[in-house]
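**Student:** Shown below is the structure under consideration.
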Amino acid sequence: HLYIPSIDSADNRATSISKNNVTGLLRNELGYHGLTFTDALEMQGVAKFFPGGEIAVESLIAGNDMLCLPSEVPGSIAKIKEAINNKRLSLDDIYAKCKKVLAVKYIYGLGEISRVNTKNLTKDLNSKIKGMNKMVAENAITLLNNEDEIFFPLSAGLKNKKIKSVAYVGIGISADNAFAKRMRKDYNADVFYFDNKQDGDRILSTVTLIKKRYKAVIIGIHNYARYPANNFGISKYAVKLVQQLQQQTKAITFVFGNPYAIKNFCDAQNLVACYEDDDITQNAAVDFLRGKISAKGKLPVTVCNQYKYGSGLLLNRSYLQTANPEKVGLNAIKLAEIDSLVQDAISQGAMPGCVVLVAKDGKIAYQKAFGKYDYNKPDFVTPASIYDMASVTKIFATNLAIMKLYDEGKIDLQKKLGDYLPWVKGTNKENLLIENILLHQAGLIAWIPFYKETIDSSQAPLKTIYASQQNDSFSIRVAEDLFLRTDWRDTMYKRMLQSSLDSANKYIYSDNDFIFLGKIVENISGKSLDQYVKKQFYDPLGLTSTGFNPRERFTLGNIAPTEHESYFRLQHIQGDVHDPGAAMFGGIAGHAGLFSNVNDLAVIAQMLLNRGKYKGRRYLKEETINLFTAYNSPISRRGIGFDKPEKNNAASPDPYPAKYVSPLTFGHTGFTGTCVWADPEYNLVFIFLSNRVNSTTENINKLSELNVRRNIHDAVYRSLGF
Numbered sequence: 002h003l004y005i006p007s008i009d010s011a012d013n014r015a016t017s018i019s020k021n022n023v024t025g026l027l028r029n030e031l032g033y034h035g036l037t038f039t040d041a042l043e044m045q046g047v048a049k050f051f052p053g054g055e056i057a058v059e060s061l062i063a064g065n066d067m068l069c070l071p072s073e074v075p076g077s078i079a080k081i082k083e084a085i086n087n088k089r090l091s092l093d094d095i096y097a098k099c100k101k102v103l104a105v106k107y108i109y110g111l112g113e114i115s116r117v118n119t120k121n122l123t124k125d126l127n128s129k130i131k132g133m134n135k136m137v138a139e140n141a142i143t144l145l146n147n148e149d150e151i152f153f154p155l156s157a158g159l160k161n162k163k164i165k166s167v168a169y170v171g172i173g174i175s176a177d178n179a180f181a182k183r184m185r186k187d188y189n190a191d192v193f194y195f196d197n198k199q200d201g202d203r204i205l206s207t208v209t210l211i212k213k214r215y216k217a218v219i220i221g222i223h224n225y226a227r228y229p230a231n232n233f234g235i236s237k238y239a240v241k242l243v244q245q246l247q248q249q250t251k252a253i254t255f256v257f258g259n260p261y262a263i264k265n266f267c268d269a270q271n272l273v274a275c276y277e278d279d280d281i282t283q284n285a286a287v288d289f290l291r292g293k294i295s296a297k298g299k300l301p302v303t304v305c306n307q308y309k310y311g312s313g314l315l316l317n318r319s320y321l322q323t324a325n326p327e328k329v330g331l332n333a334i335k336l337a338e339i340d341s342l343v344q345d346a347i348s349q350g351a352m353p354g355c356v357v358l359v360a361k362d363g364k365i366a367y368q369k370a371f372g373k374y375d376y377n378k379p380d381f382v383t384p385a386s387i388y389d390m391a392s393v394t395k396i397f398a399t400n401l402a403i404m405k406l407y408d409e410g411k412i413d414l415q416k417k418l419g420d421y422l423p424w425v426k427g428t429n430k431e432n433l434l435i436e437n438i439l440l441h442q443a444g445l446i447a448w449i450p451f452y453k454e455t456i457d458s459s460q461a462p463l464k465t466i467y468a469s470q471q472n473d474s475f476s477i478r479v480a481e482d483l484f485l486r487t488d489w490r491d492t493m494y495k496r497m498l499q500s501s502l503d504s505a506n507k508y509i510y511s512d513n514d515f516i517f518l519g520k521i522v523e524n525i526s527g528k529s530l531d532q533y534v535k536k537q538f539y540d541p542l543g544l545t546s547t548g549f550n551p552r553e554r555f556t557l558g559n560i561a562p563t564e565h566e567s568y569f570r571l572q573h574i575q576g577d578v579h580d581p582g583a584a585m586f587g588g589i590a591g592h593a594g595l596f597s598n599v600n601d602l603a604v605i606a607q608m609l610l611n612r613g614k615y616k617g618r619r620y621l622k623e624e625t626i627n628l629f630t631a632y633n634s635p636i637s638r639r640g641i642g643f644d645k646p647e648k649n650n651a652a653s654p655d656p657y658p659a660k661y662v663s664p665l666t667f668g669h670t671g672f673t674g675t676c677v678w679a680d681p682e683y684n685l686v687f688i689f690l691s692n693r694v695n696s697t698t699e700n701i702n703k704l705s706e707l708n709v710r711r712n713i714h715d716a717v718y719r720s721l722g723f
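Adding 1 to a residue's 1-based position in the sequence shown gives its number in the numbering used here.
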């Protein structure tokens, strides 16, 4: 209930019961014709001014259809009848409102819907809440000052059972909270409690002891009040202790709660705002200190002259550093040709927008976003935009997993498909060589249009196979309000086993190859493909966007849409995988389903260029990368899992992926308009992300017809001097 005089200046007239607002502004000016609900009418912000049920009459006069929580139901009904008799309300209006409510119930099937089974209802409704809270906490962490590099990150190498190097000072606590427990576990830290009211005489002795013994001091401000009275309950002694620790030791301060309290600590050399004081936030703060997650938050308020609204240092330890092109041997003027090539492609309808990244010698020399997500909408592409990677999934999800399992001796490329997938035994797929599958020369057909037998003659999904609401029987999300029968996965695997098989040693680029490989990863690892690569690669690399089913982690505004699909799902696809087969597998498949932004992809590519190492950690053996990224077939250009340049590329009239790439280059393209290429000879990474399928039918192939990716890729090599 808000009082907004510019809408209605009448005394005690909240906008929720204002005819100027509900009827005048909402319905007449803005053209809204749906149901309108009041706020809770029992709230004293309005109820005290219109007692005895009068608030219900005022709400209906304003134009509301539904009255929420009137405190006097019999009195309200009596007042409404009285208002009708007095001509303040029209009986026709009451009938119209009732009809509107009944019509909405009919439209949404509420007159026929069965009772909801309330067993485990709270658990079911809140199943994703913990994950969401964790995501919010991790993304909210705001780094305000970072003068001492020791903390960014604070190495677990300081953990020593005999020599304690880290002290944790918990202000406002008298027993271990989640943060203190992690300090003990992760850093073998000594923990000091400080009571705001009673420990003022301990400041000197505490500072002297800590200064003498510890190399790093972590300070946590806990359990203070939400409101500013009495300085949020933070004593002058606590402020003094923090100031002296920051001045005399290597210290970092985490403020857990209302950010306005940060005003007490604005002079801290190392300062982090965390906003909440629960276990989830405290664990996220330790993960930040460990370098497992990055600081991405911005201060939502101004707390002092140093830290105003919007303050916050973006610290992503995983992403590559940036450098001027000249410092890494690239000609900036020639590199700028990319801009005109992209703008020309957009103007010709090849794609509505894109992101391009070029990294040389481990540093980003060029990164720029162009255009929009959609020609007809105002959402602009940013460098952080997340794209459907399509077949890049094959190399940056499935193939990475296969390489890891090969590293560990858990998969032999000379063994057969039946050795790893018992359910293929007895079929013509049993004896397919794993290496041949990775090289697309095992004889599998290119793809299977699984969706075709699940739609009717008008191309609408069959009601026996799909439902509009998710339940145990229809659990596989395919698109918005479209859920596939849970048992239909088995039908798709059956179709794969029934499919014809060409002769071996014939190159046929096939999605089915990598669907089988994804299942091998799951069978060997005991984890789903998405969880396996997340644990082995994406999380330890510090990737923030890479993964499957991004709708579960990001708002749609962060994700580029793909096709206005008219042949299966009959909707604009955004946040669900574009590939119909991958969608029918629930968004997670070996051939498609991965989403990412350019920065994350650059990290993976650079790790591979570094021969399996990144930021001091080894992910894959050098010999494994050398094997998989080399030419491995006499009948095609393929590496093991990776795509590569044509073998006679330099002399070819139609070079692929670009004219000047070295024979060592490896990578892949994606149907949605993406590509990632890494060239070890020049230590060069080229990434192009677009949603070219989000275009008109006549323009959908223009990206390839105009050779957009190749032309931009060539411009990068010209900037190298070619």
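Yeah, the Cβ is synthetic: ideal placement off N, Cα and C, and Gly gets one too.
According to DSSP, simplified to helix, strand and coil, what is Ala15?
**Tutor:** Three-state DSSP puts Ala15 in coil, outside helix and strand.
**Student:** Kindly indicate which three-state DSSP category Ala97 falls into: helix, strand or coil?
**Tutor:** Here Ala97 sits in helix by DSSP.
**Student:** Relative to the alpha-carbon of Ile334, which residue among Ala366, Asp362, Ala346 and Val356 has its alpha-carbon at the smallest distance?
**Tutor:** The candidate whose alpha carbon is nearest that of Ile334 is Ala366.
**Student:** Quick one: grab the DSSP three-state call for Asp9.
**Tutor:** DSSP places Asp9 in coil when its eight states are reduced to three.
**Student:** Going along the chain, which residues of its own chain have a beta-carbon closer than 8 Å to the beta-carbon of Asn161, five neighbours each way excluded?
**Tutor:** Only weak support exists for where Asn161 lies, its pLDDT of 47 falling under 50; the value from the coordinates is given anyway. Here the set comprises Asn189.
**Student:** Does Lys163 pass the burial test, meaning 16 or more other C-beta atoms within 10 Å, or should it be called exposed?
**Tutor:** For Lys163, the pLDDT reaches just 47, beneath the cut-off of 50, and the residue's location in the model is therefore unreliable, leaving the point undetermined.
**Student:** In or out: Asn695 buried (at least 16 other Cβ within 10 Å) or exposed?
**Tutor:** So Asn695 counts as buried.
**Student:** Report yes if the CB atom of Val273 is closer than 8 Å to the CB atom of Leu145, and no otherwise.
**Tutor:** Yes, they are a contact pair.
**Student:** Under 8 Å by Cβ, that's how I've got Leu246 and Ile220 pegged, so tell me the actual separation to the nearest angstrom.
**Tutor:** Indeed, because the Cβ distance is near 6 Å, the residues count as touching under 8 Å.
**Student:** Name the two residues that bound the continuous alpha helix (DSSP H) containing Asp680.
**Tutor:** Careful: Asp680 lies outside any alpha helix (DSSP H), inside the beta strand (DSSP E) at Thr675 to Asp680.
**Student:** Kindly indicate the opening and closing residues of the alpha helix (DSSP H) around Phe180.
**Tutor:** It spans Ala179 to Tyr188 - the alpha helix (DSSP H) in which Phe180 sits, taken as one unbroken run.
**Student:** How big is the Cα-Cα spacing for Phe723 and Asn332?
**Tutor:** Roughly 11 Å between the two C-alpha positions.
**Student:** By a C-beta neighbour count over all protein chains shown, 10 Å radius and 16 as the cutoff for buried, is Arg227 buried or exposed?
**Tutor:** Flag for Arg227 reads exposed.
**Student:** To the nearest whole angstrom, what separates the beta carbons of Gly234 and Phe195, a pair I think is in contact under 8 Å?
**Tutor:** Rounded, the Cβ-Cβ distance is 13 Å, inconsistent with contact.
**Student:** Can you tell which of Arg486, Ala360 and Ile347 has its C-alpha closest to the C-alpha of Ala324?
**Tutor:** If we check each option's Cα against that of Ala324, Ala360 comes out closest.
**Student:** Rounded to whole angstroms, what is the Cα-Cα separation between Phe257 and Gly587?
**Tutor:** Approximately 38 Å between the Cα atoms of the pair.
**Student:** Let me know the secondary structure DSSP gives Lys162 once reduced to three states.
**Tutor:** Low local confidence applies: a pLDDT of 49 at Lys162 is under 50, so the model's placement there is unreliable, and no value is given.
**Student:** Can you tell me the Cα-Cα spacing of Ser175 and Phe484, whole angstroms?
**Tutor:** Spanning the two alpha carbons is a distance of roughly 51 Å.
**Student:** How should Glu43 be labelled, buried or exposed, when 16 other C-beta atoms within 10 angstroms of its C-beta is the threshold for buried?
**Tutor:** Exposed.
**Student:** Is Ile365 helix, strand or coil by DSSP?
**Tutor:** Looking at Ile365 - three-state DSSP - the assignment turns out to be strand.
**Student:** Could you tell me the boundaries of the beta strand (DSSP E) in which Leu542 lies?
**Tutor:** That residue, Leu542, is in no beta strand (DSSP E); it is neither H nor E in DSSP.
**Student:** If you check the beta carbons only, do Phe549 and Asp577 fall under 8 Å apart?
**Tutor:** In this structure, Asp577 does not lie closer than 8 Å to Phe549 by Cβ.
**Student:** Is it buried or exposed for Gln442, if we count other Cβ within 10 angstroms and need 16 for buried?
**Tutor:** The residue is buried, with at least 16 neighbouring Cβ atoms inside 10 Å.
**Student:** Note the first and the last residue of the continuous beta strand (DSSP E) segment covering His669.
**Tutor:** Phe667 to Gly671 is the extent of the beta strand (DSSP E) around His669.
**Student:** Please work out which residues of its chain come closer than 7 Å, Cβ to Cβ, to Leu498, disregarding the five sequence neighbours upstream and downstream, and give them in chain order.
**Tutor:** Contacts found: Val425, Thr428 and Lys430.
**Student:** Can you check whether the CB of Ile8 is closer than 8 Å to the CB of Ser60?
**Tutor:** No, the Cβ-Cβ distance between Ser60 and Ile8 is not below 8 Å.
**Student:** Looking at the structure shown, is His714 part of a helix, part of a strand, or coil, going by DSSP?
**Tutor:** Note: His714 maps to helix in three-state DSSP.
**Student:** How long is the line joining the alpha carbons of Pro462 and Lys453, rounded to whole angstroms?
**Tutor:** Rounded to the nearest angstrom, the two C-alpha atoms are 9 Å apart.
**Student:** For Leu721, which residues of its own chain have a beta-carbon under 7 Å away from its beta-carbon, when the five flanking residues on both sides are left out?
**Tutor:** Around Leu721: Gly330, Leu331 and Tyr683.
**Student:** Quick check on the DSSP output: what are the complete alpha helix (DSSP H) runs of length 4 or more inside the segment 422-465, in order along the chain?
**Tutor:** If we require 4 residues or more, the alpha helix (DSSP H) runs fully inside the segment 422-465 come out as 435-439.
**Student:** On the CB-based measure, 16 or more other CB atoms within 10 Å of its CB, does Arg570 come out buried or exposed?
**Tutor:** Flag for Arg570 reads buried.
**Student:** With a cut-off of 8 Å, do at least 3 Cβ pairs link the segment 25-32 to the segment 40-59?
**Tutor:** No, the segment 25-32 is not in contact with the segment 40-59.
**Student:** How close, in whole Å, do the beta carbons of Asn232 and Gly173 come, if the pair is a contact with beta carbons under 8 Å?
**Tutor:** About 13 Å; that fails the 8 Å criterion.
**Student:** Along the chain, where does the alpha helix (DSSP H) that runs through Phe289 open and close?
**Tutor:** Note, Phe289: alpha helix (DSSP H), Asp280 to Arg291.
**Student:** Unbroken beta strand (DSSP E) runs of length 3 or more, entirely within the segment 478-552: which are they?
**Tutor:** Correct list: 483-485.
**Student:** Using the three-state DSSP reduction, which class does Val662 fall into: helix, strand or coil?
**Tutor:** Coil.
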